[in-house]
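First up is the structure itself, then whatever we jot down about it.
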Amino acid sequence: MLIAKNIEFSYQKDQKFNIPDLTLKEGEQLLILGQSGSGKTTILNILGGLLKPHQGEVFINGTSLYGLSGAALDKFRGNNIGIIFQKPHILAPLTVEENLKLANFFSGKDGRKNENLLSDLGILHKRKAKVNTLSEGEAQRVSIARALANSPKVILADEPTASLDDVNAANVVKLLKEQAEKFNAVLIIVTHDQRVKDHIANQITIGGEA
Amino acid sequence: MNMLKLSWKYLIAKPLNTGLNILLLALGLAIITVLIVIQDQFESKMTRDAQGIDLVVGAKGSPLQLILSSVYHIDFPTGNIDMNDAMALSRNRLVKNIIPMGLGDNYQGYRIVGTNYDYLDLYNAQVQEGSKWDKPFDVVLGFEVATKLGLGIGDNFVGSHGIGSSSHEHDEHPYTITGILQPMGNVLDKLILTSIESVWYTHDDDHDHGKFEESVAKTGFPETDEDREVTSLLIQYRNPMAAVQLPRYINSRSALQAASPSFEISRLFELLGVGVKLIQGLAIVIIVIAGLGIFIALFNSLKERKYDLAVMRTLGASSGQLFIHIVLEGVILTVLGAIVGILIGHLFIGILVMQNDQGAISTLSASVFLVEELWIIAYAVAVGIIASLIPAWSAYQTDIAKQLTKS
Numbered sequence: 015m016l017i018a019k020n021i022e023f024s025y026q027k028d029q030k031f032n033i034p035d036l037t038l039k040e041g042e043q044l045l046i047l048g049q050s051g052s053g054k055t056t057i058l059n060i061l062g063g064l065l066k067p068h069q070g071e072v073f074i075n076g077t078s079l080y081g082l083s084g085a086a087l088d089k090f091r092g093n094n095i096g097i098i099f100q101k102p103h104i105l106a107p108l109t110v111e112e113n114l115k116l117a118n119f120f121s122g123k124d125g126r127k128n129e130n131l132l133s134d135l136g137i138l139h140k141r142k143a144k145v146n147t148l149s150e151g152e153a154q155r156v157s158i159a160r161a162l163a164n165s166p167k168v169i170l171a172d173e174p175t176a177s178l179d180d181v182n183a184a185n186v187v188k189l190l191k192e193q194a195e196k197f198n199a200v201l202i203i204v205t206h207d208q209r210v211k212d213h214i215a216n217q218i219t220i221g222g223e224a
Numbered sequence: 062m063n064m065l066k067l068s069w070k071y072l073i074a075k076p077l078n079t080g081l082n083i084l085l086l087a088l089g090l091a092i093i094t095v096l097i098v099i100q101d102q103f104e105s106k107m108t109r110d111a112q113g114i115d116l117v118v119g120a121k122g123s124p125l126q127l128i129l130s131s132v133y134h135i136d137f138p139t140g141n142i143d144m145n146d147a148m149a150l151s152r153n154r155l156v157k158n159i160i161p162m163g164l165g166d167n168y169q170g171y172r173i174v175g176t177n178y179d180y181l182d183l184y185n186a187q188v189q190e191g192s193k194w195d196k197p198f199d200v201v202l203g204f205e206v207a208t209k210l211g212l213g214i215g216d217n218f219v220g221s222h223g224i225g226s227s228s229h230e231h232d233e234h235p236y237t238i239t240g241i242l243q244p245m246g247n248v249l250d251k252l253i254l255t256s257i258e259s260v261w262y263t264h265d266d267d268h269d270h271g272k273f274e275e276s277v278a279k280t281g282f283p284e285t286d287e288d289r290e291v292t293s294l295l296i297q298y299r300n301p302m303a304a305v306q307l308p309r310y311i312n313s314r315s316a317l318q319a320a321s322p323s324f325e326i327s328r329l330f331e332l333l334g335v336g337v338k339l340i341q342g343l344a345i346v347i348i349v350i351a352g353l354g355i356f357i358a359l360f361n362s363l364k365e366r367k368y369d370l371a372v373m374r375t376l377g378a379s380s381g382q383l384f385i386h387i388v389l390e391g392v393i394l395t396v397l398g399a400i401v402g403i404l405i406g407h408l409f410i411g412i413l414v415m416q417n418d419q420g421a422i423s424t425l426s427a428s429v430f431l432v433e434e435l436w437i438i439a440y441a442v443a444v445g446i447i448a449s450l451i452p453a454w455s456a457y458q459t460d461i462a463k464q465l466t467k468s
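Shown next as structure tokens:
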């Protein structure tokens, strides 16, 4: 399902990121732990098709990500990869529902499952709300719903719990796991948050001990 | 959700900014709209009213004034001419048709024109109700005069001397309305038409009531033994040669002046052209500033929106779609600006017409839309595209990973 091979990347010549090879099957989950500056986000960006590595390849469902050209890669990403960021980044001019519909629009999906998704995440009653009326936890759940709106094969989460309190953090991780299992999707969470550790058994640590 | 709706949502998220940009552009385009609508209507009205009139002859003075008073009935007449001179001219072989006019009176601001049936035939005017004048003091009202003043067949009124509405009245003999013209869409709508004899007899000091019962002249000049005057003559040439010879021949005679409507009107437009150019320039400056305003608004909002754009990319938007997203914002702004501008322009003309129910402006219509106004929308779209090109290009080049990592 997801294969990363021989990935090399550096922002500066003398500072190379050591990126391990990854092979994940459908429904598998992985926690990548590492301190700030260890290159966690860089890995996620490379896996998500947002940042082209200097060497190596990423295969999702048999397709080489960086073998795709500009617009095709964008479309592929919209269809197959759901990305969740540390901050929710809900598009403020749009309502919760419209944020999901936008994701559907860009990848050409119909968005029939949007309402189920919102109700699974407990935010169906907020579907007409604007982002500035949501709490932090609600906003993060909206961003999860948006990342899942196109039923992705791969879910990538970058520090999804960093700005949340304990209760919300546990909730978000639980929801991510549940949804990933439901879609039978690969779930990769990148974090330095120790609270997440107990939830996912399959872990790797990069850039020294976390 | 689609691109148009997405751009629209971003625009209405900033209503004040968006509103200001639309208003500024609308203002510039409204000025252009007013200019082209007025210019078009004046020009077509001027040509329509002067149709079939090759030359106007009257007393010496300003030729433009002679044309404005005798053809368009918007200025004061230059004075009167002796009827013997006029009749001598009518026998000239270069003259095909000659229509005498006696001007100088009004009723409530509507001008009373003494003439003959030829004047009606010039515009192919038909009587809608009643009949044409037959006796002195019979009048036929233009359609608008009848409706505005609420007068009908058989009603009487007393004319006033002069052509403004508050001059002294000729109280001796009232006019009787015998007919009302059909709506013509030209200068006749605002005129009260009667025979030359009526105009003469109103101004006579002694009243010979015997004459009042005789029929008036329907064509040519009235027959009279007395020394009479007319105000002006509308002339049709017999052949193209007349255009060269007749004005020179008439102007060389001391008492008369000849003026060509087409020449004087193009001279008038030339004079007005300077003012029109000035206002046009002002409008273009406003439009350019509006374009700059849109550019700055888009460019500034882009700084805040780089993150949103990067998020859209992660959701599957291509860089081309982001480019279109920004250009659409510019285009929506300017198309709205154009529509609002055109409406403001027409509203302005409407108000102008409402406040001037007589005179030159009152003949304008606010509800006539021109094909040129579609061009205004096209220009506006061009302004929108140009103003949004640089911001859109910058959106196109958004580096997603860098943008998302920055937070």
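Same order as they appear, the protein sequences are chains V and A.
Counting in this note's numbering, the first sequence tops out at residue 224, every number present.
Counting in this note's numbering, the second sequence tops out at residue 468, every number present.
Note that CB positions come from ideal geometry on N, CA and C, so glycine has one too.
Bridge-paired residues (DSSP) for residue i
i: Arg172/A; result: Asn167/A, Leu252/A
i: Val23/V; result: This sequence places Phe at residue 23/V; Val is not what is there. Its beta-bridge partners are Phe31/V.
i: Lys144/V; result: Thr109/V
i: Met162/A; result: Ser293/A
i: Asp212/V; result: Answer is none; Asp212/V lacks a bridge partner.
i: Gly119/A; result: Ser293/A, Gln318/A
i: Gly191/A; result: Gly240/A
i: Asn217/A; result: Thr237/A
i: Ile142/A; result: Val291/A
is_contact[residue i, chain A] using C-beta, thresh 8 Å
i: Phe23/V; result: no
i: Ala153/V; result: no
i: Asp88/V; result: yes
i: Ala199/V; result: no
i: Ser121/V; result: yes
i: Pro107/V; result: yes
i: Leu65/V; result: yes
i: Gly48/V; result: no
i: Glu150/V; result: no
i: Ala85/V; result: yes
Per-residue DSSP class, three states only, for residue i
i: Gly398/A; result: helix
i: Pro301/A; result: helix
i: Ser449/A; result: helix
i: Ser78/V; result: strand
i: Leu96/A; result: helix
i: Leu87/V; result: helix
i: Tyr133/A; result: coil
i: Thr56/V; result: helix
i: Glu287/A; result: coil
i: Glu223/V; result: Note on Glu223/V: pLDDT 43, under 50, position unreliable in the model; the coordinate value appears next. Coil, per DSSP.
i: His407/A; result: helix
i: Ile104/V; result: coil
i: Tyr457/A; result: helix
i: Ile46/V; result: strand
Burial state of residue i (16 or more Cβ within 10 Å)
i: His134/A; result: buried
i: Glu223/V; result: Low confidence applies to Glu223/V: its pLDDT is 43, below 50, so where it sits in the model is not reliable enough to give any reading.
i: Trp194/A; result: buried
i: Glu434/A; result: buried
i: Asp35/V; result: exposed
i: Asn63/A; result: exposed
i: Tyr25/V; result: exposed
i: Lys227/V; result: Limits of chain V in this structure are 15 at one end and 224 at the other, which puts residue 227/V out of reach.
i: Pro301/A; result: exposed
i: Pro76/A; result: exposed
Closer than 9 Å at the beta carbon, the chain A residues around residue i
i: Asn75/V; result: None at all; the shortest Cβ gap to chain A is about 16 Å.
i: Gly41/V; result: Within chain A, no residue comes near Gly41/V; the closest Cβ sits about 23 Å away, beyond 9 Å.
Chain-ordered chain A contacts of residue i [CB-CB under 7 Å]
i: His103/V; result: Tyr368, Val372
i: Gly92/V; result: Leu376, Gly377
Cβ of residue i within 8 Å of any chain V Cβ
i: Lys70/A; result: yes
i: Ser379/A; result: yes
i: Asn63/A; result: yes
i: Thr108/A; result: no
i: Thr459/A; result: no
i: Thr79/A; result: no
i: Ala448/A; result: no
Distance cut-off 7 Å: residue i Cβ against heavy atoms of the ligand FAD
i: Ile347/A; result: Among the components of this structure there are no ligands whatsoever, and the ligand FAD is therefore not found.
Neighbour list for residue i in chain V, Cβ cutoff strictly below 7 Å
i: Ala453/A; result: The premise fails here: Ala453/A is roughly 16 Å from chain V at the closest Cβ pair, so nothing lies under 7 Å.
i: Ala462/A; result: Asn59, Leu64, Leu65
Contact set between residue i and chain V, taken where Cβ atoms lie within less than 8 Å
i: Ala74/A; result: Ala106, Pro107
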